[in-house]
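Taking it in order: structure first as structure tokens, then the write-up.
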Amino acid sequence: MFGARFLLIIGLGIVHLASIYLFTSGFLLTRLALSDINTCSGQSCTLTATHKRAVLIIIDSLRFDFVSPHPPDPPSPYHHAILTLPSELTASQPDRSFLFNAYADPPTTTLQRIKGITTGSLPTFVDLGNNFGASSIAEDSIINQLSLRGKKVCAFVAFMGDDTWMSVFPDALHPNMTFPFDSFNVEDLHTVDNGVTEHIFPLLEDDTKPFDFLVAHFLGVDHVGHRVGPDHPSMQHKLQQMDTVLRNVVDKLDTETLLVVLGDHGMDAFGDHGGDGVPETSTALWIYSKGRPIATKTRNIPSALLEYVTFPGEVVPHRRAAQIDLVPTLALLLGLPIPFNNLGQVIPELFWRDPEGTELHSALQINAAQIRSYLEAYHSSGAGSDLDDVWGDLQNAWNATSLDLGDDDKRLAALSTFNRAALNACRSIWAQFNPVLMGMGLALLAMSLAAAFAIYFGVASSGDGWSTWLIKCLRRCAVMIAVGPVLGYAFHATLQLHEATLWECILFASVMLACVSVVVQSPFPPTRESFSAISLPLILHTAIFFSNSFTFWEDHVIPFLSLTSLVPFVVKGVNAHMAGHRHRILSFAAIFAISTRIMALSTVCREEQQPYCNVTFYATSSLPSPPPLALILAVPAACTLPFVLKRFMRITQSHRAMAPPYLHLILTPVLLGGAFFWMLEWLTSSNVQPGWSDLYGKLKFWVARLSLGWAFVPGLVLLWLSPICIDVNVLEEPRRVTVIGYANAFGASYILFWSWIFGVVYLTTQLAGQIVLFLAVVALLSYLEMVDAIRDAEVLENTIKQSPANFAEVVPIALLALQVFYATGHQSTIPSIQWKSAFVLSSTVIYPFSPMTVTINFFGPTFVVAMSAALLSAWKRSPVVDPSDEHKGKDVQVQGDALLAGLAMMIYYECLLLGAAGGAAILRRHLMVWKIFAPRYMAAAAEMLVVDLAILLSAVVLSRIKSVLSRHPVFGWT
């Protein structure tokens with residue numbers, strides 16, 4: 000019987016994986032990286048070098064306004080600490096110093112930006128997943144061109160700083176001039192910067208200048224942003240340090256060395272990055288020549304070649320360039336061929352050296368020829384069909400560069416137009432979609448949803464025979480899966496699909512046939528009454544993903560839907576005949592409503608929600624530290640939570656046996672450890688007691704490690720061996736056995752397992768989120784008591800014979816899971832990932848623990864609440880004492896109802912996934928597709944898989960509890 004449930008949940012999970020795989024393959028495409036190398040030489044491929052060598056200084060997360068000569072309006076208390084040197088030299092040496100607002104293509108993560116500023120190519124949306132594990136760059140790059148300039152590989156490229164460079168260029172850096180530092184230790188604000196400073200100046204001071212290219216990647220600004228935000232006093236000190244470093248570098252430069260200073264990306268108001276917000280994509284680019292002038296301003300550069308933007312908070316527009324424009328510019332200034340895959344355009348100001356613009360024309364012509372070669376190679380590659388729709392326009396733009404326009408400015412504009420047309424075309428084709436695969440994924444999602452509904456109603460209608468019906472259903476599915484490859488092969492061969500591989504057709508056919516067999520052959524097809532059981536909040540929730548406004552305001556929509564889903568239960572409470580039932584239903588409904596409304600006060604804000612959203616999860620909108628109230632309530636909440644669990648268990652006297660030692664000796668220390676860790680983290684980063692910061696920093700990791708170890712070793716072992724929450728009193732005269740806690744033997748045991756997982760999630764959650772989790776437990780337990788009171792009222796009033804789980808009962812819990820996700824400081828956006836949680840156990844990234852703690856922090860709230868759906872079947876459900884009892888099938892009923900609750904939870908999230916995928920597919924040409932709809936689809940897909948795992952684990956836990964209870968001497972279970 001457990002095997003059938005287990006196979007069903009795994010089977011549905013596989014169906015969901017197949018649907019997600021097919022749709023994602025058509026929706027989130029990756030760019031084909033060509034391995035061609037630009038081996039061209041001579042005047043047709045490069046210009047005479049203006050400098051012998053270059054120094055590339057990257058100040059990680061350097062935002063444009065940190066170097067802007069124009070102060071923000073209104074001024075920030077710390078933004079006066081900008082990098083002043085670039086502004087000074089730009090004003091005093093306009094022919095040698097150039098400052099740009101450089102646009103960094105999203106995703107704005109370090110790995111993707113390093114690829115961009117060395118190859119000139121564009122990232123894709125799904126490249127973000129590589130940021131935790133950088134892979135080497137296979138494309139042509141400026142580093143590669145340096146190695147090919149008639150010199151020995153690895154001989155003359157020096158490097159110091161972010162060790163990501165060692166992963167992307169493992170064989171291109173000189174071993175004796177390479178000094179990498181850990182890039183993910185955000186706890187340490189100074190070691191990397193001090194190490195770079197220690198090694199850069201000896202090389203600059205060496206008269207022999209043993210390097211041709213020097214890369215210095217500072218990380219302090221990025222780490223300050225991640226830890227305390229851009230407006231913290233630490234940022235002021237760090238920017239002043241960087242300003243001092245730049246002054247010393249300029250002082251030690253020789254006249255033959257070109258200096259380039261830039262940020263790989265910016266940062267948002269909380270110091271994070273990864274998305275496409277203006278503060279994240281707007282970084283600074285400063286180019287300085289101490290020797291010969293780079294440009295001679297004899298007349299104005301044609302306006303068609305220049306772009307200006309106004310940074311938020313400023314009133315003066317500033318010159319803007321794409322960050323990838325650095326690649327062709329730097330290559331030509333050093334006398335190198337432009338890397339083969341480059342899509343950037345030379346920066347006109349740096350080649351404006353004569354009245355006629357001859358030098359600039361030559362640079363643009365070389366640049367356009369290189370881009371043309373790349374486009375032709377891409378068009379002839381396996382992914383060349385991507386360019387078919389725009390190839391005619393690109394051909395026309397290229398032909399226009401060869402026309403005799405009779406005007407220097409027009410010739411320059413024609414070349415620039417082709418370069419930018421190529422860039423825009425490639426940006427669009429790498430957002431191209433495969434409608435066949437998307438359609439297959441959507442069709443499979445829709446059919447799997449219908450199959451899930453058919454199984455749900457089939458199990459609900461089968462009574463105690465649900466397991467037999469389920470086994471027959473699974474057998475039919477197995478037969479259809481076996482037939483699937485034949486149909487998939489025929490489908491692929493007949494239609495001659497180029498958009499889908501044979502494997503994808505077989506996968507689609509096999510899974511589709513299995514789903515169709517469930518729907519068609521089910522003896523319990525959906526009826527009008529069946530569809531009436533579908534909750535109105537579910538329909539509304541699914542529909543919001545077809546609107547960009549409702550999608551990014553989802554965190555505000557969910558509390559409304561949650562209270563709406565409570566209305567039918569409140570009506571039942573008002574109409575209850577007995578005053579006791581009425582009081583219980585309405586009281587617990589009120590507690591649930593109040594708890595969820597308080598949770599809704601905890602918010603983080605998406606960029607699209609401004610200016611109508613106020614951040615309350617953090618202390619301020621630009622200071623990512625806990626609010627004062629969270630600091631005050633953290634320890635009381637951790638101490639009180641086990642007593643709350645015990646108080647609700649006391650209602651059925653199931654707070655005995657295993658419950659007290661586990662709640663007070665295991666759970667309480669784990670929760671307190673979580674609270675103390677984040678309080679120590681706040682003390683470390685807030686400089687409240689600067690002299691104690693190092694001690695706090697070391698102590699917090701030991702607190703987290705001990706807490707997690709205490710949960711896993713004694714806690715999990717204790718629960719797995721003996722999860723019993725009942726006492727047995729034996730009276731000799733007269734002989735009588737009293738089982739205390741019998742009425743909730745299933746629920747009490749399950750909630751101890753559940754609270755163990757809750758404790759692990761609690762540890763990775765920041766202080767404000769811990770208060771939200773506390774309220775979520777109160778809301779959940781109140782809801783369970785409310786549902787139990789309604790069932791008691793219905794049984795006593797003879798409205799039903801038993802009290803099976805129903806779909807409407809699961810909806811508030813499904814909504815609660817999402818509300819907890821949002822209220823714990825998350826959004827369906829990349830920047831909302833709380834990277835601090837990667838450093839719960841260590842100050843450095845440790846695999847697999849750092850990615851694991853980030854994942855638990857992000858998806859843990861959804862997982863733990865989704866797993867609580869099983870409590871609808873287990874809460875206040877008792878085992879059977881006498882095997883001859885006419886209700887001996889009660890354990891079957893409990894597990895059947897648990898399966899129904901799990902199916903309902905999966906159905907809810909599958910509806911959301913279908914809505915998010917459908918909205919993304921229909922609105923794929925929407926301006927906000929990559930900003931709103933794609934991230935929400937990705938979140939929905941991940942949530943679906945998280946819920947599948949939660950339901951699977953709940954089935955395992957319930958089976959374990961049944962097994963342990965069956966061996967107890969009091970119960971005569973077989």
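In numbering that gives the first Met the number 0, the protein residues as written are 0 to 973. Beta carbons: idealized from backbone N, C-alpha and C, even for Gly.
Near residue i, what residues of its chain come up, given a Cβ to Cβ distance below 6 Å and the 5 sequence neighbours on each side ignored?
{"i": "I590", "result": "S781"}
{"i": "Q42", "result": "none"}
{"i": "Y617", "result": "P623"}
{"i": "T667", "result": "P641"}
{"i": "C1023", "result": "This structure gives no information on residue 1023, because the portion of the chain shown stretches from 0 to 973."}
In whole angstroms, what separates the C-alpha of residue i from that of residue j?
{"i": "C39", "j": "P336", "result": "7 Å"}
{"i": "L912", "j": "L441", "result": "10 Å"}
{"i": "H231", "j": "I812", "result": "39 Å"}
{"i": "T619", "j": "G224", "result": "14 Å"}
{"i": "W677", "j": "D161", "result": "27 Å"}
{"i": "H264", "j": "A215", "result": "15 Å"}
{"i": "F858", "j": "S561", "result": "20 Å"}
{"i": "I950", "j": "K697", "result": "38 Å"}
{"i": "V519", "j": "K875", "result": "37 Å"}
{"i": "G672", "j": "M165", "result": "37 Å"}
{"i": "C638", "j": "F752", "result": "19 Å"}
{"i": "T976", "j": "L46", "result": "No answer is possible for residue 976: it lies beyond the span of the chain, which begins at 0 and ends at 973."}
{"i": "L402", "j": "D385", "result": "28 Å"}
{"i": "T23", "j": "M266", "result": "28 Å"}
For residue i and residue j, which I take to be in contact (beta-carbon distance under 8 Å), what is that distance rounded to the nearest angstrom?
{"i": "L82", "j": "D242", "result": "5 Å"}
{"i": "V810", "j": "M598", "result": "Contact doesn't hold; Cβ gap of about 17 Å is too wide."}
{"i": "L245", "j": "V220", "result": "Contact flag wrong, Cβ pair sits at about 13 Å."}
{"i": "V777", "j": "V863", "result": "Rounded, the Cβ-Cβ distance is 14 Å, inconsistent with contact."}
{"i": "G312", "j": "S60", "result": "Incorrect: roughly 18 Å between the Cβ atoms, too far for contact."}
{"i": "L682", "j": "Y695", "result": "5 Å"}
{"i": "V54", "j": "L213", "result": "5 Å"}
{"i": "P625", "j": "L766", "result": "4 Å"}
Quick one, which of the options has its alpha-carbon nearest residue i's?
{"i": "E375", "options": "S361, D407, F339 and L359", "result": "F339"}
{"i": "M648", "options": "A742, A588, G901 and R966", "result": "A742"}
{"i": "M785", "options": "W502, L473, I584 and Y373", "result": "I584"}
{"i": "G487", "options": "T467, L512, L899 and R704", "result": "L512"}
{"i": "R318", "options": "D324, V308, V326 and L325", "result": "V308"}
{"i": "L976", "options": "Q92, G746, S621 and R52", "result": "Past the boundaries of the shown model lies residue 976; the chain is included only from 0 to 973, so the question cannot be answered."}
{"i": "M234", "options": "P847, S621, T651 and F26", "result": "S621"}
{"i": "I725", "options": "W719, A747 and L718", "result": "A747"}
State buried or exposed for residue i, treating a residue as buried only when at least 16 other CB atoms are found within 10 Å of its CB.
{"i": "D206", "result": "exposed"}
{"i": "W691", "result": "exposed"}
{"i": "E279", "result": "buried"}
{"i": "E980", "result": "For residue 980 there is no data in the structure shown, the boundaries of the chain being 0 and 973."}
{"i": "R790", "result": "buried"}
{"i": "R62", "result": "buried"}
{"i": "Q322", "result": "buried"}
{"i": "A792", "result": "buried"}
{"i": "I8", "result": "buried"}
{"i": "T493", "result": "exposed"}
{"i": "V716", "result": "exposed"}
{"i": "N143", "result": "buried"}
{"i": "F574", "result": "Here residue 574 is Asn; the residue named in the question, Phe, does not match the sequence. Exposed is the call here."}
{"i": "Q609", "result": "exposed"}
{"i": "D170", "result": "exposed"}
Leaving out the 5 sequence neighbours to the left and right, which residues in its chain are closer than 7 Å to residue i when beta-carbon positions are compared?
{"i": "W397", "result": "R371 and F417"}
{"i": "R605", "result": "F551, Q826 and T828"}
{"i": "C910", "result": "L448, L537 and T541"}
To which residues of the same chain is residue i closer than 8 Å at the C-beta, ignoring the five residues directly before and after it?
{"i": "E138", "result": "A32, L33, S34, K114, T118, S120, P338, F339 and N340"}
{"i": "G12", "result": "L944, D947, L948 and L951"}
{"i": "P567", "result": "A807"}
Would residue i pass as an interface residue toward chain B - the criterion being a Cβ-Cβ separation below 8 Å?
{"i": "G381", "result": "Of the chains in the structure shown, none is chain B; there is only one protein chain."}
Could you tell me if the beta carbon of residue i falls within a distance shorter than 7 Å of some heavy atom in the ligand MG?
{"i": "R226", "result": "Absence of the ligand MG from the depicted structure is noted, as is the absence of any ligand whatsoever, leaving it without description."}
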